[in-house]
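Numbering (the working numbering), first residue to last: 162 to 368. Heads up, the beta-carbon is just placed ideally off N, CA and C, and yes, glycines get one too.
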Amino acid sequence: EPESVLSEKVVITAALTGVAANRDQCPAIPYTPAEIGEEARRACDAGAAVVHIHAREDDGRPSHRVEVYGAIMEEVRKRSDVLINFSTGAVDVPREERVRHITDLRPEIGALNMGSMNYAKYSKKNKRFVFNWVFENSFDTIQFFLEAMNTAGVRPELECFDVGHVANIQPFIDMGMIQPPLQYSFIMGVLGGVKPTARNLATMVEQ
162 EPESVLSEKV VITAALTGVA ANRDQCPAIP YTPAEIGEEA RRACDAGAAV
212 VHIHAREDDG RPSHRVEVYG AIMEEVRKRS DVLINFSTGA VDVPREERVR
262 HITDLRPEIG ALNMGSMNYA KYSKKNKRFV FNWVFENSFD TIQFFLEAMN
312 TAGVRPELEC FDVGHVANIQ PFIDMGMIQP PLQYSFIMGV LGGVKPTARN
362 LATMVEQ
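Next up, the structure:
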């Protein structure tokens, strides 16, 4: 038999909703807890071990409400045993609110954003920014989230939007707040972050 292309086992994560996309751009994006639960089942059946979820209100608006995340968790759990990774990303939302669903619901994994950045989308057609935000994740904020996740027994996933974000975990390793092996997610292609090139990916892995 031909040797498998993948010589080592891999863990596949499916990002089900995204943070900014909507149904005008892709009609298949799930909004409601039941829709997200069904997409999680389909992803699990296709081989995903983890689902990364940004909560939405039923009309598609981003949600940070614990009850919405709780309903999503219930719908996912009814359909599969996939690991749940909840987002903590938000702009102009207090950090206590950004992490409350993690501490209250205790998913297996929580997103730990590893640095601040300009976070934007630009329309070449209209020659303007569709949105233009500052995504704040100071070292104080990172430590606050990491302490909350450690207390809740939630595994942090280190979300890196730029090369410099990769090493930002080092002070917290030195403090004894987290130890290898580390779980990273490299988010490439966001305006304000690292461009999605093979060389940039290799540099981030090297870090």
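Quick check on the burial criterion: 16 or more other C-beta atoms within 10 angstroms. Buried or exposed for residue i?
{"i": "Asp318", "result": "Note that residue 318 is Glu in the sequence shown here, rather than Asp. Classification of Glu318: buried, given that the 10 Å Cβ count is 16 or more."}
{"i": "Gly314", "result": "exposed"}
{"i": "Ala189", "result": "exposed"}
{"i": "Arg259", "result": "buried"}
{"i": "Cys187", "result": "exposed"}
{"i": "Phe296", "result": "buried"}
{"i": "Glu287", "result": "In the sequence as displayed, the identity of residue 287 is Asn instead of Glu. When all chains shown are included, Asn287 counts as exposed."}
{"i": "Gly350", "result": "exposed"}
{"i": "Phe292", "result": "exposed"}
{"i": "Pro342", "result": "exposed"}
{"i": "Pro268", "result": "buried"}
{"i": "Ala197", "result": "Residue identity differs from the one stated: residue 197 is Ile in this sequence, not Ala. The residue in question, Ile197, is buried, as its Cβ has 16 or more Cβ neighbours within 10 Å."}
{"i": "Val355", "result": "buried"}
With distances taken Cα to Cα, identify the nearest neighbour of residue i among the options.
{"i": "Phe306", "options": "Pro194, Ala195 and Pro255", "result": "Pro255"}
{"i": "Glu199", "options": "Gly353, Asp335, Val237 and Lys286", "result": "Val237"}
{"i": "Arg240", "options": "Arg202, Ala232, Ile270 and Ala272", "result": "Arg202"}
{"i": "Gln344", "options": "Arg261, Arg226, Glu320 and Asn361", "result": "Glu320"}
{"i": "Ala182", "options": "Ile173, Tyr192 and Thr174", "result": "Tyr192"}
{"i": "Pro332", "options": "Phe300, Leu362 and Ala309", "result": "Phe300"}
{"i": "Ile263", "options": "Arg289, Val227 and Ile233", "result": "Val227"}
{"i": "Met338", "options": "Glu257, Gly231, Asn361 and Thr312", "result": "Thr312"}
{"i": "Met234", "options": "Lys170, Arg261, Ala195 and Asn298", "result": "Ala195"}
{"i": "Ala272", "options": "Met310, Asp242 and Phe290", "result": "Met310"}
{"i": "Asp265", "options": "Phe290, Asp242 and Ala232", "result": "Ala232"}
Closer than 6 Å by C-beta to residue i: which residues in its own chain qualify, once you throw out the five before and the five after it? Chain order, please.
{"i": "Trp294", "result": "Val252 and Tyr280"}
How about residue i: is its C-beta nearer than 7 Å to some C-beta of chain C?
{"i": "Leu273", "result": "Given the protein chain composition of this structure (a single chain), no chain C is represented."}
Could you name the residues of the same chain whose beta carbon sits closer than 8 Å to that of residue i, not counting the 5 residues immediately before and after it, in chain order?
{"i": "Gln340", "result": "Ile334"}
{"i": "Arg289", "result": "Tyr283"}
Quick one: does the C-beta of residue i sit closer than 6 Å to a heavy atom of the ligand ZN?
{"i": "Leu343", "result": "By its list of ligands, the structure shown contains no ligand whatsoever, and the ligand ZN lies outside what it can speak to."}
Rounded C-beta distance between residue i and residue j? I'm assuming under 8 Å.
{"i": "Met336", "j": "Phe347", "result": "Wrong, their Cβ atoms sit about 24 Å apart, outside the cutoff."}
{"i": "Lys282", "j": "Leu352", "result": "6 Å"}
Might you give, ordered along the chain, the residues of its own chain that have their beta carbon closer than 7 Å to the beta carbon of residue i, omitting 5 neighbours on each side?
{"i": "Arg261", "result": "Val227"}
- Message: Does the contact criterion of 3 or more C-beta pairs under 8 Å hold for the stretch 213 to 220 versus the stretch 175 to 182?
- Response: They touch, by the three-pair rule.
- Task: Decide if the stretch 200 to 213 is in contact with the stretch 242 to 251; the criterion is three or more beta carbon pairs, one per stretch, under 8 Å apart.
- Result: As far as the Cβ criterion goes, the stretch 200 to 213 touches the stretch 242 to 251, which means the pair count is three or higher.
- Cβ contact check for the stretch 320 to 340 and the stretch 276 to 286: 3 or more pairs under 8 Å: In short, these stretches touch, since the Cβ pair count reaches three.
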